[in-house]
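232 is the number of the first residue of the sequence shown in this note's numbering; add one for each residue after it. Don't be surprised by glycine CBs; every beta carbon is placed ideally from N, CA and C. Please read the structure below before turning to the comments.
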Amino acid sequence: MILVQIPFLLKSIPGVSNAQVGYSISAATITSAIISMNYNRIKRKLIFTSIFSIAFLFMAIGYIIISYSEIYYQFLIGLAASGVGTGLIMPSGSLWIMKLAPAHMRGRMIGRVSTFMFLGMFFSPVIFQPIIRNSSVSGSFFVAAISLFVLSIIFQLYRKD
C-alpha cells in the first residue's frame, strides 16, 4: 500500500512536493533496512510467531498514524513505524520457510514467498479500490491497520516455533 497509495495521499496535502513524497517513502524503506540489518539480534531473543506478531503490530500502528495524519511529518512517523514491521517480516518469512521446508524444496518455497510478496503489491490497489471509492485512501489505511492488528493478535495467540 505504501508504494502505491502514499503518493496520492501526500499529494492531497497542500505544499507537499514530489521530492517530499519520495523522501517519505524512503523513510519506510530506510527504517526497514536498519531493522533488517539488526535482525540477527532480534531473532536471538524471539521466536518467529512473536516476530510476526510484533511486525504486524508495528505496521498496524504505522497505518493508523497514516490514516489520521494531516501534516507531512505525521506521515513520516507512520511510515517509519510501518517500516519497522516490514523490516521484521522480510527476513522472517524467508528464514521461517527455510527452517520448515525440506532442503530439496527450499529454493522453490523462497521463490513462492517472493512471488506472493509481489502479487500482494500488484493486487493491493485492486483489493483496496472499493474501500477507497466508498471512503478514502486514508480509510483504506485504516482498514488495512485493523486487518494487521488482527493478524498480530492471531500470531500472538498461536505462539509456537
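Candidates the options, of which the one nearest residue i by Cα
{"i": "residue 271", "options": "354, 319 and 350", "result": "319"}
{"i": "residue 235", "options": "246, 251, 256 and 345", "result": "256"}
{"i": "residue 389", "options": "278, 245, 232 and 273", "result": "278"}
{"i": "residue 241", "options": "352, 276 and 369", "result": "369"}
{"i": "residue 303", "options": "285, 325 and 244", "result": "244"}
{"i": "residue 387", "options": "237, 284 and 246", "result": "284"}
{"i": "residue 296", "options": "358, 347 and 237", "result": "237"}
{"i": "residue 325", "options": "346, 374, 265 and 246", "result": "346"}
{"i": "residue 232", "options": "327, 361, 355 and 310", "result": "355"}
CA-to-CA distance, residue j to residue i, given in whole angstroms
{"i": "residue 254", "j": "residue 363", "result": "24 Å"}
{"i": "residue 323", "j": "residue 300", "result": "29 Å"}
{"i": "residue 366", "j": "residue 268", "result": "37 Å"}
{"i": "residue 248", "j": "residue 344", "result": "35 Å"}
{"i": "residue 337", "j": "residue 329", "result": "6 Å"}
{"i": "residue 385", "j": "residue 282", "result": "12 Å"}
{"i": "residue 376", "j": "residue 251", "result": "23 Å"}
{"i": "residue 334", "j": "residue 239", "result": "43 Å"}
{"i": "residue 332", "j": "residue 342", "result": "12 Å"}
{"i": "residue 305", "j": "residue 246", "result": "15 Å"}
{"i": "residue 280", "j": "residue 351", "result": "21 Å"}
{"i": "residue 273", "j": "residue 307", "result": "24 Å"}
Exposed unless 16 or more other CB atoms sit within 10 angstroms - verdict on residue i
{"i": "residue 372", "result": "buried"}
{"i": "residue 348", "result": "exposed"}
{"i": "residue 358", "result": "exposed"}
{"i": "residue 265", "result": "exposed"}
(Q) Would the stretch 306-322 count as touching the stretch 254-264 if we require 3 or more Cβ pairs under 8 Å? (A) yes
Q.
For the pair the stretch 284-300 and the stretch 373-381, tell me if three or more CB-CB distances fall below 8 Å.
A. yes
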